[in-house]
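Numbering-wise, the sequence shown is residues -28 to -1, 1 to 354 according to mature numbering (1 follows the signal peptide of the UniProt record, and there is no 0). By construction, the Cβ of each residue, glycine as well, lies at the ideal position given by its N, Cα and C atoms. Please read the structure below before turning to the comments.
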Amino acid sequence: MKFKTKLITLVVAFLAAISFALPSQVNAANTDMVDTSNHNGLMTYDNYYDMLVHYGVKAVVQKVSEGTTYVDQTAKYNLASAKQAGLYLNGYHFARYTTVEGARAEARFAVAAAQSAGLPIGAVLATDVEASEQANNSYAANTANNKAFMEVVQAAGYRSTIYTMGSWVGTKMLVDKGWIADYPYNTSRDRYTSHHAWQFRSDQQFAGSYGNFDVSQLYDDFFTANQTPSPSAPVTPAPSQPAESNVASDSDYAQTGVFKPSATVNIRTGAGTGYASVGSYAPGESVIYDHVYIRGTYVWARYLSYSGRYHYVALGVNGGESYGSRSSGYTSPVSHTYYTVQSGDSFWSISSKYGISMYTLAANNGKTINSLIYPGQSLYIR
C-alpha cells in the first residue's frame, strides 16, 4: 500500500513537472487592422481580400502624408482597393511638427491629402508621433502640439487619435485613448486595453501579399465606425459598342511595338482581368511588347519582364476605347529600360512593376535596398 501510494505520488509529480515544461496552447492577438504605405507598394483588391478572408483583417489604416511636403502616392489606389475588398478605411499622417502652429499646418496638409486620396469623412485620420523631432521636445509641447493637430482634423470632419510607442505614453506626451505600438515576444496577453488599438507586430506576413506589415488588435469600434463596408469584385466598365462594331473574336498575333498609356493600366500575369495584378504603368511611361491578344472585351499586349516571366497590359477595349497610343514594328538594337522615380516610390514598388528583384534593381544602380531614392532620379532597370 505504501509502495503503491509512493508510486502514484511520483507519477503525479512527474506529470505536473512536464505540464509546466510543455508550452501551453495560447491565443495570439487578433490581426484586426493592417497598416499600409509606400513601403508596401500598390496593394490590390486580391491582397486585401485575402487578408479579410484568411486572416480576419477588417480595417486598413493607410499613410496619406508626412510633414508639409510629402504625399503618399500609393494612398488613393490602396484605399480604393481596400474599399472594394470590404475593409474599413482609415488614414494616418507621419508627424514632424515641433510647435502648435507647425502642428496646425501639418494637419491642414494631412486633411487635403486624405481628401484627395478618397478617405471618407468620418473616418480616422491619426497622427503618427514617433520622430526625432518629438523625441527632443518636452512633454508639455508634444501634448499641446498633438491637441492642435487633432482639433484641425476634427474640424474637417475626420476623427483623430495619437499613434505612438508604448514607452512614450505618459513620458513624452499625454495619450488619453490612443493607438499604441509595442512588440512583445509573446502576444497572448492583451496590452494597452484602455486604448483604441494595440499594434503588436511589424513583421506580419500574409500569404497573398509580399513583404512585412504592421498589424493591430482593436479594442473598440473607433477604427470601424461610420462606414458600412461590403466586398465587391473590381469591375472595369466597358463602353457601349457602336451599332457597327469592328469587334473580333478571340485571337492573337505576333507584333512588336511600344505602348504609351494615357491612363494608369494594371500589369497582370495573364491576358485577362481575372489574372493577378502585380503593378501598374502610369501615363507617360512606356512598355515594349512582343505579342497582342484579343480576349473578349479587351485587347492585351504581352512583354517579357527581366525576371523571365511574361506580363500583360490592356491596350484598350476591343472595338472601342484605347488606353493609350502604340506604334508597331519597333525594333531595339539594345534593350535598356530606365525609370524616373516618382514621389512615394520605393525599390520594392519599382521592382514589382518591372518584374525584377528589388536587390537586383538596387545593385544595378550601385545601391542597396536601404539607400535613399529621390523624385526625378533616373534608375537603370535593365
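- The Cβ atoms of Met145 and Asn108 lie no closer than 8 Å to each other.
- Comparing C-alpha distances from Thr143 to each of Thr16, Ser166, Ala112, Lys119 shows the shortest one belongs to Ala112.
- Here the alpha carbons of Phe231 and Ile260 stand approximately 6 Å from one another.
- Pairwise C-beta distances place the stretch 192 to 202 out of contact with the stretch 255 to 270, as fewer than three of them are shorter than 8 Å.
- Note on Asn342: under 16 other CB atoms within 10 angstroms of its CB, so exposed under the neighbour-count rule.
- Classified as exposed, Asp148 has fewer than 16 neighbouring CB atoms from the shown chains inside 10 Å of its CB.
- Unbroken alpha helix (DSSP H) runs of no fewer than 4 residues, entirely contained in the stretch 248 to 290, are not found.
- A distance below 7 Å between beta-carbons, with the five flanking residues on each side excluded, links Ser318 to the following residues of its chain, in chain order: Asn10, His11, Gly13.
- In this structure the stretch 19 to 26 does not lie against the stretch 60 to 77, because fewer than three pairs of beta carbons, one per stretch, are closer than 8 Å.
- When the beta-carbon positions are compared, Gly251 and Arg281 stay at least 8 Å from each other.
- Looking at the backbone, the Cα of Gly244 and that of Thr46 are separated by about 24 Å.
- In this structure, the alpha-carbon of Ser188 lies about 14 Å from that of Asp100.
- When secondary structure is reduced to three states using DSSP, Arg76 falls in the helix class.
- For the pair Ala103 and Ala67, the Cα-to-Cα distance works out to about 7 Å.
- Selection Tyr157, Asn50, Arg161, His283 evaluated against Ala31 yields Asn50 as nearest (Cα-Cα).
- Under DSSP, Ile239 forms a beta bridge with Gly251, Val285.
- Tyr20: member of the alpha helix (DSSP H) spanning 17 to 27, first to last residue.
- Distance from the CA atom of Val96 to the CA atom of Trp170, rounded to whole angstroms, is 15 Å.
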